[in-house]
Amino acid sequence: MFILGVRVHFGVTVSYKYCDQKKSTDIDSIHLNCIANFIENSLHELCAFIKTKMTAIVSGIPLKSQFTFLNLKQLFYNFQTSMCLDHNNPIRNMKHYFYEDCSKNEIPFPNTDNQFSAMINEAGCFLNSDEVISLATSLVSKSFHVFLADISSDSDFSEMATGLSFLKIIPKLCNRLNSKYFEEILLNSISSEDTVQTLSANVFEAFCT
Numbered sequence: 004m005f006i007l008g009v010r011v012h013f014g015v016t017v018s019y020k021y022c023d024q025k026k027s028t029d030i031d032s033i034h035l036n037c038i039a040n041f042i043e044n045s046l047h048e049l050c051a052f053i054k055t056k057m058t059a060i061v062s063g064i065p066l067k068s069q070f071t072f073l074n075l076k077q078l079f080y081n082f083q084t085s086m087c088l089d090h091n092n093p094i095r096n097m098k099h100y101f102y103e104d105c106s107k108n109e110i111p112f113p114n115t116d117n118q119f120s121a122m123i124n125e126a127g128c129f130l131n132s133d134e135v136i137s138l139a140t141s142l143v144s145k146s147f148h149v150f151l152a153d154i155s156s157d158s159d160f161s162e163m164a165t166g167l168s169f170l171k172i173i174p175k176l177c178n179r180l181n182s183k184y185f186e187e188i189l190l191n192s193i194s195s196e197d198t199v200q201t202l203s204a205n206v207f208e209a210f211c212t
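Throughout the sequence shown, residue numbering follows the working numbering, covering 4 to 212 in sequence.
Printed below as a string of structure tokens:
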């Protein structure tokens, strides 16, 4: 979600800079302010949403129950379904996370005129477009499968093939998800996606014309 948001916003801001070199400094400031707003404010809201969903899903799982890779898949599908059915689904509300909270959190925008307002509005509408929503949904699934492939090939998780108590698997999964190692794998995998790179090019082309 963050990668797509940055790609779309960067594509829009670069296209505006290309069309009006005199305002390039102000446009750069807006770009950085929006990204900073997401990291410093909206990210907490996003994490709270995910935590609420996951807590509701895993709360009914007995800690001593045997947990397998198949159970992990089902856990993800349950989360994905719950998220998609929620009207606050972050994937369908990326405009909110990147832009709508900026004014509430008093993020400064230099020389806010009609052009800048149009830039923010256009980028936000594109983030909520069917194309971006579809791609974001696909990337969420891919991210999970990248994670699943990573732990499936690791001997440290070999017991999950037949079953490991949920109590023991929780810290293992958390440690892997929070590791720099997996972070690099995930970022490289998502950033190198042809669909993500094509989206960036399409955004730039669309807003330059």
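Just so it is clear, CB atoms sit at the ideal spot from N, CA and C, and this is done for glycine as well.
Enclosing alpha helix (DSSP H) for LYS171 [first to last residue]: 169–180
Spatially closest choice to PHE101 from LEU49, GLU208 and ALA204, by CA coordinates: LEU49
Integer Cβ distance of PHE70 from ILE6, believed to fall under 8 angstroms: PHE70 to ILE6, Cβ: 30 angstroms. No contact.
Continuous alpha helix (DSSP H) stretch holding HIS148: start and end: 133–155
7 angstroms CB neighbourhood of ASN108 in its chain, flanking five on each side removed: Low confidence applies here, because ASN108 scores a pLDDT of 48, under 50, leaving its location unreliable; read the following figure in that light. These residues qualify, in order along the chain: ASN40 and ASN44.
Straight-line Cα distance separating ASN36 from GLY14: 15 angstroms
LYS98 and GLY127 closer than 7 angstroms at C-beta: yes
Contact set for ASN205: own chain, Cβ-Cβ below 6 angstroms, skip 5 residues either direction: none
C-alpha gap between ILE123 and THR16, whole angstroms: 9 angstroms
Residue from LYS175, ALA152, VAL9 and SER120 whose Cα sits closest to the Cα of ILE42: VAL9
C-beta atoms of LEU202 and VAL149 nearer than 7 angstroms: no
Complete runs of the alpha helix (DSSP H) confined to the segment 23–107 [at least 4 residues]: 27–40, 46–61 and 72–88
Under 7 angstroms between C-beta atoms of THR55 and ILE94: no
Backbone CA spacing between ILE53 and SER168 [nearest angstrom]: 23 angstroms
Residue nearest to SER120 in terms of C-alpha spacing, selected from GLU162, ILE33 and ASN74: ILE33
Extent of the continuous alpha helix (DSSP H) run through SER194: 183–194
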